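Everything below concerns the one structure shown next.
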Amino acid sequence: MTAAALLSVLPSLCAQNKSESFTVGNVTFKMIVISSNRSFKMGATIEQREEAMPDEFPEHSVNLSEFALGETEVTQGLWRAVMGDNPSLFQVKGPGGEELPVERVSYDDCLRFISKLNSLTGKQFRLPTEAEWECAARGGTNALYAGSGAPSVAWYVENSQSRPHKVRENGWGSEFAQISGLYNLSGNVAEWCSDWKGPYSEATQSNPKGPSSGTERICRGGGWSDVAWRCRTSSRSSHAPSYKASDLGFRLAMSMTPTVAFYRNPIVHGEKKAGTLELVSVELTEKSTVLSCSWLGGNSGSNCYIDRAAFLRDRATGKTYPITDVQGITFGPEKTYVGDRRFYFSLIFPPIPKGATAIDFIENSSSTWNMTDIELK
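For the sequence shown, position 132 matches number 132 in this note's numbering, and the numbering has no gaps at all.
Structure (structure tokens):
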């Protein structure tokens, strides 16, 4: 796809993404809400196959919940504002130096930064999943690179002058950024993702997060020292969590609804070792509060049911809201679902007043699912 052709379709694909700005010290950064094109083909799609590596196969369908992604890679200025130092190899004193991407940070360093940033802002920033990163980079198109069919959109080995560039200094790609709100997804510095490295599956996936364990974490986008094909939207690389390099940084992400995982789950009857419950969305109407959930069972033979005594509790006021209905599964232990499969359901409660920010889901007095930082607007 040519640059002109891509620009002609991007406005309808990515138009007017919402954003929210945050300030730490004297540094302001922006998060872009990815609210469209969240169902897409991931991996070695047809335009990628000529250069695709084996780990990009098979192509598969992915559906994502709404999320937000950093407008740019995390800058040296933001890192310094949060952590008080600057680990980067490429530092420039004077104007513009704080706008260079932070680099030479490990995956573990990124987690420490995010933990401190969250304590400063009261938000729940995180690293993006690999699927979220690719979704944003594709932007609803099948371009080889983020915003173009040509590598000139990226800072890579042939045009970077052997160094990273300011996070909003990316040539023609700035036009893509003006529409999508996102800069440098291809090139400049590669970006850590939260997933362990693992093979793809042909099956359709919803909000995939990669394997539960591994030895290397995913990095995406390629960097200033990489050859062009490494900067493609489907190209994958990975490193040990302690690895650091001057062409590797990261970008922030944020869920629009939280994800929770735990060993003892109030929704599972019988087995102590359960699975993962994901809150997909919270919907408020005048008549009800609807929690749409996804469940991946952990043990075969587990009985999955909702206790009729379950309720929501507003942590601030102590007021409780008893469950009124379940859509997708039935009350009581009489219906059994075999573990190790995913299914979806909705929990229905009376309407909760707008402004509640911390809610507990309680099956009984001894088991509590804490859903914190849900802001109901």
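Backbone N, C-alpha and C fix where the C-beta goes; we use that ideal spot for every residue, glycine too. Remember, it's a predicted structure, so these values are computed and weren't measured experimentally.
Which residues mark the beginning and the end of the beta strand (DSSP E) in which Y321 is found?
Looking up residue 321 in the sequence shown gives position 321. For Y321, the enclosing beta strand (DSSP E) begins and ends at 320–322.
Indicate the three-state DSSP secondary structure (helix, strand or coil) for Y156 in the structure shown.
For the purposes of this step, residue 156 is taken as the residue at position 156 of the sequence shown. The answer is coil: DSSP assigns Y156 none of H, G, I, E or B.
Buried versus exposed call for D226 [16 or more other C-beta atoms within 10 Å across all chains shown]
Numbered from its first residue, the sequence shown carries residue 226 at position 226. For D226, the number of other beta carbons within 10 angstroms of its own is at least 16, and it is reported as buried.
Looking at C-alpha atoms only, which residue of I114, R236, W224 is the closest neighbour of E130?
Position 130 of the sequence shown, counting from 1, holds the residue named residue 130. Measuring from the Cα of E130, the nearest candidate turns out to be R236.
Report yes if the C-beta distance between R104 and L89 is below 8 Å; otherwise report no.
Indexing the sequence shown from 1 puts residue 104 at position 104. Indexing the sequence shown from 1 puts residue 89 at position 89. Yes, Cβ-Cβ distance for R104 and L89 is below 8 Å.
Name the one or two DSSP bridge partners that N63 has.
For the purposes of this step, residue 63 is identified with residue 63 of the sequence shown, where counting begins at 1. N63 pairs with S39, S206.
Could you please give me the residues that DSSP links to H378 through a beta bridge?
Any property of residue 378 remains undetermined from this structure, which presents the chain solely from 1 to 377.
Using the Cα positions of E169 and S255, report the straight-line distance between them to the nearest angstrom.
Start at 1 with the first residue of the sequence shown, and residue 169 comes out as number 169. Start at 1 with the first residue of the sequence shown, and residue 255 comes out as number 255. Note on geometry: alpha-carbon atoms of E169 and S255 lie some 27 Å from one another.
Buried or exposed: W172, going by 16 or more other Cβ atoms within 10 Å of its Cβ?
For this step, residue 172 is matched to residue 172 along the sequence shown. Residue placement at W172 cannot be trusted, given a pLDDT of 44 that sits under 50; what the coordinates show is reported in the next sentence. Counting C-beta atoms within 10 angstroms of its own C-beta, W172 has fewer than 16 neighbours from the protein chains shown and is therefore classed as exposed.
Three or more C-beta pairs below 8 Å linking the stretch 74–84 and the stretch 20–31:
Pairwise C-beta distances place the stretch 74–84 in contact with the stretch 20–31, as three or more of them are shorter than 8 Å.
On a CA-only basis, which of A44, N63, H60 is nearest P54? Give me that one, please.
Position 54 of the sequence shown, counted from the first residue, corresponds to residue 54. Nearest C-alpha to P54: A44.
Quick check for students: name the residue ranges of the beta strand (DSSP E) that lie wholly in the stretch 91–174, counting only runs of 3 or more.
Counting only runs of 3 or more, we get nothing.
Assuming A137 contacts T233 under a Cβ cut-off of 8 Å, what Cβ separation, rounded to an integer in Å, is found between them?
Counting from one through the sequence shown, the residue named residue 137 turns up at place 137. Counting from one through the sequence shown, the residue named residue 233 turns up at place 233. At roughly 4 Å, the Cβ-Cβ gap stays under 8 Å, so A137 and T233 are in contact.
So, A253 versus P128, is the Cβ gap smaller than 8 Å?
Mapped onto the sequence shown, residue 253 falls at position 253. Mapped onto the sequence shown, residue 128 falls at position 128. Cβ distance < 8 Å, so A253 and P128 count as in contact.
Integer-rounded CB distance, given that D314 should sit under 8 Å from I359:
Here residue 359 is taken as the residue at index 359 of the sequence shown, counted from 1. Here residue 314 is taken as the residue at index 314 of the sequence shown, counted from 1. Here I359 really is in contact with D314; their C-beta atoms are around 6 Å apart, less than 8 Å.
Could you give the DSSP three-state label for R313: helix, strand or coil?
Residue 313 sits at position 313 when you count from the first residue of the sequence shown. Three-state result, R313: strand.
Give the straight-line distance between the Cα atoms of E98 and G249, rounded to the nearest whole angstrom.
Locating residue 98 in the sequence shown gives position 98, counting from the first residue. Locating residue 249 in the sequence shown gives position 249, counting from the first residue. Going by the C-alpha atoms only, they are around 14 Å apart.
With a threshold of 7 Å on Cβ separation, who are the neighbours of M83 within its own chain once the five nearest residues in sequence on each side are excluded?
The count along the sequence shown starts at 1 and reaches residue 83 at position 83. The beta carbon of M83 is closer than 7 Å to those of F113, K116 in its chain, skipping five residues each way along the sequence.
Assumed close pair A228, P322 - CB separation to whole angstroms, cut-off 8 Å:
Within the sequence shown, numbered from 1, the residue matching residue 228 stands at position 228. Within the sequence shown, numbered from 1, the residue matching residue 322 stands at position 322. Incorrect: roughly 59 Å between the Cβ atoms, too far for contact.
Between the C-alpha atoms of E50 and R230, what's the straight-line distance to the nearest angstrom?
Your numbering for residue 50 matches position 50 in the sequence shown. Your numbering for residue 230 matches position 230 in the sequence shown. Note on geometry: alpha-carbon atoms of E50 and R230 lie some 13 Å from one another.
Grab the span of the beta strand (DSSP E) containing A81 for me, first residue to last.
The residue given as residue 81 occupies position 81 in the sequence shown. Counting along the chain, no beta strand (DSSP E) covers A81; the unbroken alpha helix (DSSP H) around it starts and ends at 76–83.
In the DSSP assignment, what are the bridge partners of M254?
For the purposes of this step, residue 254 is identified with residue 254 of the sequence shown, where counting begins at 1. A68, F125.
Would you call Q327 buried or exposed, if buried means 16 or more other Cβ atoms sit within 10 Å of its Cβ?
If you number the sequence shown from 1, residue 327 lands on position 327. With fewer than 16 other Cβ atoms within 10 Å, it is exposed.
Please state whether the Cβ-Cβ distance between L100 and K166 is less than 8 Å.
The residue labelled residue 100 in the question sits at position 100 within the sequence shown. The residue labelled residue 166 in the question sits at position 166 within the sequence shown. Yes.
Nearest by alpha-carbon distance to Y243: which of D108, K287, F349 is it?
Position 243 of the sequence shown, counted from the start, is the residue given in the question as residue 243. Looking at the Cα atoms, D108 is the closest of the given residues.
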